[in-house]
Amino acid sequence: MDPNLFLPPEQLAPGFDLRPAWRLGDEAIERDAIDFWTRTGILPAGVTPQERARELVAVVYKEGSMIGVLTAQVGRLAQVRARLAFVRGAVDPEYRRGHIGLVMYLYARDLLERWSAAHPEERLAGVGAFVESNELSERAKSGNGPTRLGLIGFTPDGRQIRVCWFRDFRLDLS
Amino acid sequence: MRVAWRRDDPEIEADAIAFWNRIGVLPEGVDPAKRAKELIAAAYKDGQLIAVATAIIEHVDFLGVRMAVLRGATDPAHRRGHVQLALARPSHDALRDWALAFPEEKLAGAIAFVAPGEWGDFTRMPVWPESELEVAGYTPDNQQIRIRWFDHFRLD
Chain C
501 MDPNLFLPPE
511 QLAPGFDLRP
521 AWRLGDEAIE
531 RDAIDFWTRT
541 GILPAGVTPQ
551 ERARELVAVV
561 YKEGSMIGVL
571 TAQVGRLAQV
581 RARLAFVRGA
591 VDPEYRRGHI
601 GLVMYLYARD
611 LLERWSAAHP
621 EERLAGVGAF
631 VESNELSERA
641 KSGNGPTRLG
651 LIGFTPDGRQ
661 IRVCWFRDFR
671 LDLS
Chain D
14 MRVAWRRDDP
24 EIEADAIAFW
34 NRIGVLPEGV
44 DPAKRAKELI
54 AAAYKDGQLI
64 AVATAIIEHV
74 DFLGVRMAVL
84 RGATDPAHRR
94 GHVQLALARP
104 SHDALRDWAL
114 AFPEEKLAGA
124 IAFVAPGEWG
134 DFTRMPVWPE
144 SELEVAGYTP
154 DNQQIRIRWF
164 DHFRLD
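Protein chains in written order, with our numbering: chain C, 501 to 674; chain D, 14 to 169.
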């Protein structure tokens, strides 16, 4: 079941420590993230932890140990003619049964939305995600849902394309 | 505001036909009586119908689901108001309630094709107020595609 999403993300996961990392260059967090990826072995072949560490948006600690990371790559999605932060999340297998991944996403989304408002020159319009259709969780079966990541189509290899717009953003007319 | 979706309300249908004839917005070849069967809701002011929302249900290939394809028409004398905005919520609720009552119809939400020239700066908002229609893409002829999913709907 989803937590009460009307609460601030920080209040949704008592005992977990959510921390910002987006464009902060925080070396301690980056080292912890590299340790996390090395320990869990979840990075795809060809991706170095050092590269991925530069894309950190937010992280989660539990009792001093990093147990979740959310990263983003900014790129233009031609379908909607806008720049989006394409997010990826990873949670320590020991904590995947809870909702910490969702809470981390909500925290990261709000962080990116505030950053976008503070840096209008970046023209960051929202968050994008590619969701594996064979991982059809209850949330992935929903067209929109509490994450506000609305389904807008599918990639040629069958992944869902989802977008959460920043409501105060204004699109370019072209 | 008066809801009309699948109610066969002869009074609203007659008002809508008179409205379309008065403002002349129906394309050539479209039968007003047939279009009247597509009414979702109508807005009245001082007893006169001044705006309508209509829909047909179609399969949307790029999403793989059935959606209500929305259309709206407003009396030119009231275009500067927010009549279509006011129609958005009751129209959504009517379609959603119908989708819930008829799950075999597998209606996933609503979709609108928006000409930027007609809607101006409003098209710069990625999510519209009231209707919650969100930008999902563009057609080859540069119309915005906006969609809203029903909260209850689940993909197969």
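Every residue gets a Cβ at the ideal spot worked out from N, C-alpha and C, and that includes glycine. Quick caveat, the model's predicted, so the values are computed rather than measured.
Work out the CA separation of residue j and residue i for me, nearest whole Å.
i, j, result
"residue 639 (chain C)", "residue 42 (chain D)", "43 Å"
"residue 109 (chain D)", "residue 542 (chain C)", "41 Å"
"residue 596 (chain C)", "residue 568 (chain C)", "9 Å"
"residue 115 (chain D)", "residue 83 (chain D)", "19 Å"
"residue 57 (chain D)", "residue 37 (chain D)", "18 Å"
"residue 643 (chain C)", "residue 571 (chain C)", "23 Å"
"residue 578 (chain C)", "residue 664 (chain C)", "15 Å"
"residue 130 (chain D)", "residue 580 (chain C)", "18 Å"
"residue 584 (chain C)", "residue 576 (chain C)", "6 Å"
"residue 140 (chain D)", "residue 650 (chain C)", "11 Å"
"residue 100 (chain D)", "residue 534 (chain C)", "52 Å"
"residue 669 (chain C)", "residue 522 (chain C)", "19 Å"
"residue 125 (chain D)", "residue 151 (chain D)", "11 Å"
"residue 501 (chain C)", "residue 26 (chain D)", "In this prediction, residue 501 (chain C) scores a pLDDT of 42, lower than 50, which makes its location untrustworthy; the coordinate-derived value is nonetheless stated afterwards. So the alpha carbons of these two residues sit roughly 44 Å apart."
"residue 133 (chain D)", "residue 526 (chain C)", "43 Å"
"residue 63 (chain D)", "residue 39 (chain D)", "15 Å"
"residue 563 (chain C)", "residue 591 (chain C)", "15 Å"
"residue 158 (chain D)", "residue 648 (chain C)", "17 Å"
Would you mind working out which of the options sits nearest residue i, comparing C-alpha positions?
i, options, result
"residue 30 (chain D)", "D:15, D:47 and D:146", "D:47"
"residue 667 (chain C)", "D:112, D:18 and D:135", "D:135"
"residue 76 (chain D)", "C:662, C:672, C:670 and C:671", "C:662"
"residue 695 (chain C)", "C:577, C:540, C:559 and C:585", "Any question about residue 695 (chain C) goes unanswered here, given that chain C covers just 501 to 674."
"residue 622 (chain C)", "C:612, C:651 and C:631", "C:612"
"residue 14 (chain D)", "D:53, D:81, D:92 and D:140", "D:53"
"residue 32 (chain D)", "D:89, D:164, D:16 and D:125", "D:89"
"residue 653 (chain C)", "D:63, D:40, D:165 and D:160", "D:160"
"residue 671 (chain C)", "D:148, D:71, D:16 and D:104", "D:148"
"residue 615 (chain C)", "C:558, C:659, C:565 and C:637", "C:558"
"residue 536 (chain C)", "C:566, C:599 and C:603", "C:566"
"residue 59 (chain D)", "D:167, D:71 and D:91", "D:91"
"residue 70 (chain D)", "D:132, D:64, D:121 and D:158", "D:121"
"residue 656 (chain C)", "C:631, C:529 and C:582", "C:631"
"residue 105 (chain D)", "D:96, D:145 and D:45", "D:145"
"residue 167 (chain D)", "C:647, C:658 and C:637", "C:637"
"residue 55 (chain D)", "D:35, D:34 and D:28", "D:28"
"residue 87 (chain D)", "D:72, D:74 and D:35", "D:35"
"residue 518 (chain C)", "C:549, C:601, C:550 and C:647", "C:601"
"residue 524 (chain C)", "C:555, C:646 and C:605", "C:555"
Exposed or buried, which one is residue i when buried takes at least 16 other CB atoms within 10 Å?
i, result
"residue 532 (chain C)", "buried"
"residue 516 (chain C)", "buried"
"residue 589 (chain C)", "buried"
"residue 609 (chain C)", "buried"
"residue 24 (chain D)", "exposed"
"residue 660 (chain C)", "buried"
"residue 85 (chain D)", "buried"
"residue 598 (chain C)", "exposed"
"residue 520 (chain C)", "buried"
"residue 165 (chain D)", "exposed"
"residue 658 (chain C)", "exposed"
"residue 552 (chain C)", "buried"
"residue 96 (chain D)", "buried"
"residue 548 (chain C)", "exposed"
Do residue j and residue i come within 9 Å of each other at the CB atom, strictly closer than that value?
i, j, result
"residue 198 (chain D)", "residue 18 (chain D)", "Residue 198 (chain D) falls outside the range modelled here, since chain D spans only 14 to 169, and no answer is possible."
"residue 50 (chain D)", "residue 79 (chain D)", "no"
"residue 156 (chain D)", "residue 128 (chain D)", "yes"
"residue 143 (chain D)", "residue 98 (chain D)", "yes"
"residue 107 (chain D)", "residue 16 (chain D)", "yes"
"residue 586 (chain C)", "residue 627 (chain C)", "yes"
"residue 510 (chain C)", "residue 607 (chain C)", "yes"
"residue 582 (chain C)", "residue 625 (chain C)", "yes"
"residue 513 (chain C)", "residue 603 (chain C)", "yes"
"residue 673 (chain C)", "residue 137 (chain D)", "yes"
Given 8 Å as the limit, tell me if residue i has its C-beta closer than that to any heavy atom belonging to the ligand ATP.
i, result
"residue 589 (chain C)", "What this structure holds is no ligand at all, so the ligand ATP is not there to describe."
Next item on the list: Go through the region 34–111 of chain D residue by residue and report every complete run of the alpha helix (DSSP H) that reaches 4 residues or more, in order.
Entry: 45–49
Item checked: Entirely enclosed beta strand (DSSP E) segments - the region 590–658 of chain C, minimum 3 residues -> 624–631 and 650–654
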